[in-house]
Amino acid sequence: LGRELTYFDATESTQQIAHKLAQEGAEEGHVVVANEQTKGKGRLGRVWHSRSNTSISMSMILRPPLPPQKTPQLTLLAAVAVVQAIKKNTGLQCEIKWPNDILLKGKKLVGILTEMQADPDLVHSVIIGIGLNVNQTSEDFGEDIAHLATSLYLEKDGASGQPVDRARLIADILLEFEELYEEYLENGFQSIRPLWESYSISVGTYIYARMIKEVIYGYAKGITDDGVLLVEDESGKTHHIYSADIEIDP
Ligand code: BTN
Numbered sequence: 745l746g747r748e749l750t751y752f753d754a755t756e757s758t759q760q761i762a763h764k765l766a767q768e769g770a771e772e773g774h775v776v777v778a779n780e781q782t783k784g785k786g787r788l789g790r791v792w793h794s795r796s797n798t799s800i801s802m803s804m805i806l807r808p809p810l811p812p813q814k815t816p817q818l819t820l821l822a823a824v825a826v827v828q829a830i831k832k833n834t835g836l837q838c839e840i841k842w843p844n845d846i847l848l849k850g851k852k853l854v855g856i857l858t859e860m861q862a863d864p865d866l867v868h869s870v871i872i873g874i875g876l877n878v879n880q881t882s883e884d885f886g887e888d889i890a891h892l893a894t895s896l897y898l899e900k901d902g903a904s905g906q907p908v909d910r911a912r913l914i915a916d917i918l919l920e921f922e923e924l925y926e927e928y929l930e931n932g933f934q935s936i937r938p939l940w941e942s943y944s945i946s947v948g949t950y951i952y953a954r955m956i957k958e959v960i961y962g963y964a965k966g967i968t969d970d971g972v973l974l975v976e977d978e979s980g981k982t983h984h985i986y987s988a989d990i991e992i993d994p
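According to the working numbering, the stretch in the sequence shown is residues 745 to 994, in order.
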């Protein structure tokens, strides 16, 4: 992965560029990286803020030889890759909140956005966007989000050390992802699931799963091989959660 790389000093959204490149036939493994995004896209139509010289903003194009319903598994793979690359580069142990948030000490550090594109003449493509707070200082987070978000720099060495090398971290995310992806294509998600579960904070606890029309409260028992979250409510009924915002019951 990343052998074909398109770099921008500034662009609206690497996700948007990756979609365009995929439409034009870009190959699997093509990666788009930007030093700055001016119109970053988050999940559920939200805005994603990233800063120049500070954040990592990247989107990977994949063409998995798999049915589209397997796509959510790739998000879980990406989360494992990012957690492992961060550990290797900074020693920090992050946690995954299903499906695709990476937290450090309970605050959001990384967002992952997975989108699919059906190309009539090509294998469908999957675009995985990763936004990572790397070298933000406390002034970079406004008062309204300081209690919700953090950066690697802020959590490492009491925010007194060297800034984190973004290029190294990007290279390691790609290496880790490539290794997991190969393993996944060969042996399926079951070979990655234990790793994902070991980093997860949303399994084995009580959670609120907030969806558009309802909220389910219950015990998160685990994820299925398709990456679906299983939540048992107080009446003992198990719900299959495909997409939701998860709040962990403190
Ligand atoms: C989330 O809402 O948590 C997902 C955020 C994903 C942000 C990344 S940054 C790189 C890529 N380009 C975008 O415009 N969004 C994703």
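Glycine included, each C-beta is placed from N, C-alpha and C at the ideal position.
Minimum Cα-Cα distance from GLN813 among the listed residues GLY835, GLU976, GLU978, ASP969 corresponds to ASP969. Cβ neighbours of LEU918 within its own chain (closer than 7 Å, five residues either side excluded): LEU745, GLY746, VAL775. Pairing THR834 with ALA903, the inter-Cα distance amounts to about 12 Å. A residue is called buried when at least 16 other Cβ atoms come within 10 angstroms of its Cβ; ASN931 does not meet this threshold and is exposed.
In this structure, ligand 1 has a non-hydrogen atom nearer than 6 Å to the beta-carbon of GLY855. For the pair LYS852 and ILE840, the Cα-to-Cα distance works out to about 10 Å.
With the rule of 3 Cβ pairs closer than 8 Å, the region 800-807 counts as touching the region 868-886. Setting aside the 5 residues that flank it on each side, GLU976 is surrounded in the same chain by GLY962, TYR963, LYS965, THR982, each with a C-beta closer than 6 Å to its C-beta; the list follows chain order.
Here the region 753-767 makes contact with the region 775-784; the two share three or more CB pairs at distances below 8 Å. Relative to the non-hydrogen atoms of ligand 1, the Cβ of GLY789 never comes closer than 6 Å to any of them. Secondary structure note for GLN759: its alpha helix (DSSP H) is the uninterrupted segment 758-767. Going by DSSP, VAL854 is part of the beta strand (DSSP E) stretching over 851-861. For the pair LEU939 and ALA823, the Cα-to-Cα distance works out to about 10 Å.
LYS785 has its Cβ nearer than 6 Å to a heavy atom of ligand 1. The DSSP-derived three-state label of ASP977 is coil. Around the Cβ of GLN781, a 10 Å sphere holds 16 or more other Cβ atoms; the residue is buried.
Taking a 10 Å sphere around the C-beta of THR881, we find fewer than 16 other C-beta atoms and assign the residue as exposed.
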